[in-house]
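Same order as they appear, the protein sequences are chains H and D.
Residue 246 is where the first sequence starts when you use the numbering used here, and the numbers rise one by one after that.
Residue 381 is where the second sequence starts when you use the numbering used here, and the numbers rise one by one after that.
Presented below is the structure to which this report refers.
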Amino acid sequence: EAGVAQSPRYKIIEKRQSVAFWCNPISGHATLYWYQQILGQGPKLLIQFQNNGVVDDSQLPKDRFSAERLKGVDSTLKIQPAKLEDSAVYLCASSFGTGEHQPQHFGDGTRLSIL
Amino acid sequence: GESVGLHLPTLSVQEGDNSIINCAYSNSASDYFIWYKQESGKGPQFIIDIRSNMDKRQGQRVTVLLNKTVKHLSLQIAATQPGDSAVYFCAENFYGQGGKLIFGQGTELSVKP
């Protein structure tokens, strides 16, 4: 079974520029998550989708971050404009069904550096 | 508020010894827990999970123990190998949160040959 695919693996941009990340979840997984992982910390949920609907975006800084999952499969996460504190690894995860009491399977993330 | 914490930020063991990684959680409503292993440059890898109606669950070389009375869980790794060197996270979820996981800071396990 193919895992969660993410691209790009690395991205370096200057502050105030925009950036986008892409995620393809495990086939058949209805629930998709985006997490932010700052160096030395555990991942923090940014947004959760079930199919193409948003379940939880309470921790997403909506003034600069946006995400979509238009066809209920792939997803993109965008930051515009980027700030220095956005330097982190952005992880995508997926799970079967609603995600309740289900293990989440992670991709290897995109490492974002803001200059 | 909700939080998941780890008692020890680093743990160093000899190859072949058993390892125990601890985790405390503060939300008594949490009813599902997962242990993840994260190697450098990789995403978290699922190891084992446990629901609150259990107090012990075993996998291949790993055992998770859950003590709801003191809100504590642990991950035991038998016969630790160099390939077990990584950062280990516990994460919690409770029903009604839509699958949202709350992660602790992590414990770095270093295995000496």
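Backbone N, C-alpha and C define an ideal beta-carbon position, used for all residues, glycine too.
Residue 251 of chain H, enclosing beta strand (DSSP E) - first and last residue = Note, residue 251 of chain H: beta strand (DSSP E), 250-252.
Along the segment 265-293 of chain H, what residues have a CB closer than 8 Å to any CB found in chain D?
-> Answer in chain order: 276, 278, 285, 286, 287, 288, 289, 290, 293.
Who pairs with residue 320 of chain H in a beta bridge, going by DSSP?
-> Note: residue 320 of chain H sits in a beta bridge opposite H:268.
Below 6 Å CB to CB, which residues in the same chain sit around residue 294 of chain H once its five sequence neighbours on both sides are set aside?
-> Here the set comprises 277, 314.
Does any C-beta atom of chain H lie closer than 8 Å to the C-beta of residue 463 of chain D?
-> With 8 Å as the cut-off, residue 463 of chain D does not count as an interface residue toward chain H.
Give the residues of chain C in contact with residue 318 of chain H, contact being defined as C-beta atoms less than 7 Å apart.
-> Absent here is chain C; the protein component of the structure consists of chains H and D.
Three-state secondary structure assigned by DSSP to residue 435 of chain D | Coil.
Going by DSSP, what residues sit across from residue 452 of chain D in a beta bridge?
-> Residue pairing by DSSP places residue 452 of chain D opposite D:404, D:447 in a beta bridge.
Outcome for residue 435 of chain D when other beta-carbon atoms lying within 10 angstroms are tallied against a minimum of 16 | The Cβ neighbour count for residue 435 of chain D, taken over all protein chains shown within 10 Å, is under 16; the residue is labelled exposed.
Rounded separation between residue 480 of chain D and residue 415 of chain D - CA only | Their backbone Cα atoms lie some 14 Å apart in a straight line.
Verify whether the separation of the beta carbon atoms of residue 407 of chain D and residue 458 of chain D is less than 8 Å.
-> Pairing residue 407 of chain D with residue 458 of chain D gives a Cβ-Cβ distance that is not under 8 Å.
In angstroms with no decimal places, state the Cα-to-Cα distance between residue 255 of chain H and residue 355 of chain H.
-> Approximately 5 Å, taken between the alpha carbons.
Within 8 Å of chain H by C-beta, residues of the segment 430-443 of chain D in sequence order | Within the segment 430-443 of chain D, the residues whose Cβ lies closer than 8 Å to some Cβ of chain H are 431, listed in chain order.
With DSSP collapsed to three states, give me the class of residue 331 of chain H.
-> DSSP places residue 331 of chain H in the helix class (H, G or I) of the three-state scheme.
Rounded Cβ spacing between residue 349 of chain H and residue 358 of chain H (contact assumed at less than 8 Å) = With 8 Å as the limit, residue 349 of chain H and residue 358 of chain H do not qualify as a contact, their Cβ atoms being about 25 Å apart.
Do residue 462 of chain D and residue 493 of chain D come within 8 Å of each other at the CB atom, strictly closer than that value?
-> For the 8 Å CB-CB criterion, residue 493 of chain D and residue 462 of chain D form a contact.
Comparing the C-beta of residue 473 of chain D with each C-beta of chain H, is any distance below 8 Å?
-> Interface residue, yes.
Residue environment, residue 484 of chain D, which counts as buried when at least 16 other CB atoms sit within 10 Å = Answer is buried; the Cβ neighbour count reaches 16.
Closer than 7 Å at the beta carbon, the chain D residues around residue 340 of chain H = What residue 340 of chain H touches in chain D: 479.
Going along the chain, which residues of the segment 405-423 of chain D sit with their C-beta nearer than 9 Å to a C-beta in chain H?
-> Hits within the stretch, in order: 411, 412, 414, 416, 418, 421, 422, 423.
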